[in-house]
Amino acid sequence: MSARRERLAAAVNQLPLFLGLVLLWALLWGKFSWLNLLTGVIFAAVVSIVFYLPAVQLSGRLNLWRTVWLFGKLLFDIVRASIDVSWLALGPRYTPSNAIVAVHLRTRSDLILTWTAVATSIVPGSIVVDIERVDSTLYLHVINMPDVAATEKFRSRVLATERRIVLAFGSAEDVERVSRVRAEEDVRRGLDQVAGPHTPADPQNGAQA
Numbered sequence: 403m404s405a406r407r408e409r410l411a412a413a414v415n416q417l418p419l420f421l422g423l424v425l426l427w428a429l430l431w432g433k434f435s436w437l438n439l440l441t442g443v444i445f446a447a448v449v450s451i452v453f454y455l456p457a458v459q460l461s462g463r464l465n466l467w468r469t470v471w472l473f474g475k476l477l478f479d480i481v482r483a484s485i486d487v488s489w490l491a492l493g494p495r496y497t498p499s500n501a502i503v504a505v506h507l508r509t510r511s512d513l514i515l516t517w518t519a520v521a522t523s524i525v526p527g528s529i530v531v532d533i534e535r536v537d538s539t540l541y542l543h544v545i546n547m548p549d550v551a552a553t554e555k556f557r558s559r560v561l562a563t564e565r566r567i568v569l570a571f572g573s574a575e576d577v578e579r580v581s582r583v584r585a586e587e588d589v590r591r592g593l594d595q596v597a598g599p600h601t602p603a604d605p606q607n608g609a610q611a
């Protein structure tokens, strides 16, 4: 791809974000006028130049059914988590058992990383406290994590959220990567179940008991 085509692709890729800034400017004024539109374009241009950030790579694909399922499941999770948190707050026997949980995402897309962080944080009971962009890791403060099983269950929910986001509007590469990594994890989990729990070694001769 030539340099001219690369610049054109980058401009098209940033167009939705640019228009979003213009829309935000218009919403702040509360009414539409040609003057607000002009100043909004100037505002968006200044922000894009002065506060330049690396381009966010949009996938260019959208699965309508998967998107509806994503937001429907997210709404259900918010309602359910709100009830759970309320029950914990009102329960007289609740013992605080908070934890910082690291979740390594399967994809390496900044957009998917951001969407997963936002989707997880708006569900009551957990909030993102740090992000490792290099290896796509979220660090979340989570309430009611009494044991390792609860931690693994929460980690699985975050990865399921990431998968729904990828299937809704992730790139074809993201979809392929998520499917491949998930298949590898299923195979590994199946092998662990077949092998069964390891028997501790005999301290006298090093052999398994």
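Going letter by letter, the sequence shown gives residues 403 to 611 in my numbering. Positions of the beta carbon are idealized from the N, C-alpha and C atoms, including for glycine. If you're wondering where the values come from, they're calculated on a predicted model, not measured in any experiment.
task = Less than 8 Å between the CB atoms is what I'm expecting for residue 547 and residue 488, so what's the real figure, rounded?
result = In fact, because the Cβ distance is near 18 Å, the residues do not count as touching under 8 Å.
ask   = Does the separation of the CB atoms of residue 565 and residue 580 fall below 9 Å?
value = yes
ask   = Is the shortest distance between the beta-carbon of residue 514 and the beta-carbons of chain B less than 9 Å?
value = Absent from the structure is chain B; it holds one protein chain and no more.
query = Hey, which unbroken runs of the beta strand (DSSP E) at 3 residues or more fall wholly within the region 515 to 539?
reply = 528 to 534
message = In whole angstroms, give me the CA-to-CA distance for residue 448 and residue 417.
response = Roughly 14 Å separates the two Cα atoms.
ask   = Can you tell me the Cα-Cα spacing of residue 604 and residue 508, whole angstroms?
value = Reliability of the predicted coordinates at residue 604 is poor, the pLDDT of 44 falling under 50, and the value obtained from them is presented with this limitation in mind. Taking the straight line joining both Cα atoms gives about 38 Å.
ask   = How about the region 502 to 516 and the region 529 to 538: do they share at least three Cβ pairs that are nearer than 8 Å?
value = The region 502 to 516, when compared against the region 529 to 538, does touch it at the 8 Å Cβ threshold.
query = Looking at the structure shown, is residue 561 part of a helix, part of a strand, or coil, going by DSSP?
reply = It is helical.
message = Using only CA atoms, which one of 452, 497, 451 and 425 lies nearest to residue 440?
response = 425
query = What residues in its chain sit with their C-beta under 8 Å from that of residue 423, if we drop five residues either side in the sequence?
reply = If we look at residue 423 and ignore the five residues flanking it on each side, its Cβ neighbours are 442, 445, 446, 449 and 450.
request  = Check residue 545 in the structure and name its three-state DSSP category.
outcome  = coil
key: Beta-carbon proximity of residue 485 to residue 521, cut-off 9 Å   = no
query = Which partner residues does residue 491 have in the DSSP bridge list?
reply = DSSP output for residue 491 lists no bridge partner at all.
request  = Thinking residue 483 and residue 525 are a contact (beta carbons under 8 Å), I'd like their distance in whole angstroms, please.
outcome  = 5 Å
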